[in-house]
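Presented below is the structure to which this report refers.
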Amino acid sequence: MTWMLVRGGHVFDPDDRGIADLLILDGRITAVGRSLPAPSGIGEGEVLDATGRTVLPGLLDGHIHVMGASGLGGPATRTTDLQIDRIATVGVTTVVSPLGADSLSRTIPALLARAAALEAEGISAYCYTGGWRHPVPTLTGDPQADVAFVDRIVGIKVAVSEALAPACSVDDLCRLAHAAYTGGRLAGKGAVLHAHIGDHPDGLTPLLEVQRQTGIPASRLVATHANRNPHLWQQALEYARAGGSIDLTGMQRPEAGYPHAIPPAKAIREALAAGVPPARITLSSDSGAAYPRLDAAGRAAGQYMAGPDSLLQTMREVMLARDGSVQGPTRTWCS
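Under my numbering, the letters of the sequence shown match residues 27 to 361, in that order.
Next comes the structure, spelled out in structure tokens:
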């Protein structure tokens, strides 16, 4: 058995516990309190001084491309595996990874293998089956079987209202939603249909029709990239107020090459002010993909592979007012 005692940090779990110690045994937190004694006689360990530091729960990034993505600008725009140091050093301890636009040269087996490698390096790693093509790519040949029988698969990825993906009929979307929902019920996990929403004016309309026709809880139909343009954002607010789950993308902001995007921190504040329950708002990075590197005039001058830094950046923007004080209702969302 190994242990670590983290002493004297300002602990949030996510409630504010003040200055406290954490005892970690074999990678799991077993105690939180003041002046915890160091274990004796139970294996090797260390004491870590966290005085003056903030200790937070690990972040969950629910849309991150751990084996890279992109390629829409040609082979040279493909990105490579996202390494553990770029994930863990910004506080992300759990990832959920879909395939990106390219599900020809990138496959579900390769995605599962990359997730397993990250798990071996010390974080929790899950995947979505499916992708932008239709029929969706799978491991077993049946998306419901993927969800039901592969522990690491927690839902089905699909592209909606996206010019670069084949049009998926409402009937097809209903079948995929049922596959995710029923497969998850059979496996005892809360699997979702994770829907990439593109820039087509239909926006969330197909997803709304799926919910109407199937009766599947809207919370299991997740609309990601909900802040990518103003029209979609207004649809997303209505969807979330009606029970749907919306996932904001940390990298979708004007300075990252999305000129029409609603900055994620602004979107979170607007959603809370509009009465959307905090539990229906999530934030993911969409990192591991290629993003344009902009010059001083805002013109594309190459590309770079983004890490999940936008999660912490957005949390800071949400939590802190211009004077550095912690803002009111957004504290609840960050919890």
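Using N, Cα and C, we set each Cβ at its ideal position, and we do this for glycine too.
Being a predicted model, the structure only gives us computed values, none of them experimental.
Neighbourhood of residue i by C-beta distance below 7 Å, restricted to the same chain and skipping five residues each side
i, result
"E147", "I110"
"A114", "I149"
"P169", "T155, G156, V162, I182, L202, A205"
"T105", "G94, A95, S96, G314, A315, A316, M331"
Nonlocal neighbours in the same chain, by C-beta distance under 6 Å from residue i, ignoring five residues either side
i, result
"R306", "A266, S271"
"E145", "A151"
"D312", "H89, T275, M277"
Supposed close pair residue i, residue j - CB separation, criterion 8 Å
i, j, result
"A221", "G210", "So it is not a contact: roughly 15 Å between Cβ atoms."
"R33", "A95", "Contact doesn't hold; Cβ gap of about 40 Å is too wide."
"K183", "Y154", "4 Å"
"I55", "W29", "Rounded, the Cβ-Cβ distance is 11 Å, inconsistent with contact."
"L309", "P290", "6 Å"
"H160", "E188", "Contact doesn't hold; Cβ gap of about 11 Å is too wide."
"I223", "L230", "6 Å"
Other residues of its chain near residue i: CB distance less than 8 Å, five sequence neighbours each side excluded
i, result
"A244", "Q237, Y265, A268, G269, G270, S271"
"A293", "A252, N253, W259, L274"
"S61", "D47"
"L247", "A203, V218, L219, A221, L233, V236, Q237, G270, S271"
Three-state secondary structure (DSSP) of residue i
i, result
"Y207", "helix"
"D128", "coil"
"C194", "coil"
"D87", "strand"
"A189", "coil"
"M341", "helix"
"H257", "helix"
"Y284", "coil"
"V121", "strand"
"T80", "strand"
"T231", "helix"
Cross-strand partners of residue i (DSSP beta bridge)
i, result
"W29", "L51, G71"
"I363", "Coverage of the chain is limited to positions 27 through 361, which leaves residue 363 absent and any answer about it impossible."
"R104", "S96"
"K183", "G156, H220"
"P318", "Q329"
"G45", "A small fix is needed here, since residue 45 is Ile in this sequence, not Gly. Note: I45 sits in a beta bridge opposite H36."
"G241", "DSSP lists no partner for G241."
"V58", "L48"
Option nearest residue i by Cα separation, candidates the options
i, options, result
"P256", "G241, A322, D177, E296", "E296"
"P334", "G167, F175, D87, L138", "D87"
"F175", "L212, G324, G59", "L212"
"L82", "L338, L137, E281", "L338"
"V344", "L298, D321, G328", "L298"
"L108", "D225, V118, E235, G59", "V118"
"G67", "A322, Q239, M27, R319", "M27"
"G283", "G229, L48, E72, Q329", "Q329"
"A300", "R325, M277, Q261", "Q261"
"T103", "T80, D128, R112, V92", "D128"
"V92", "G53, A64, A136, A326", "A136"
"G71", "G84, G53, L85", "G53"
"V73", "G84, D47, L98", "D47"
Cβ of residue i within 9 Å of any chain D Cβ
i, result
"H160", "The question asks about chain D, but that chain is absent: this structure has only one protein chain."
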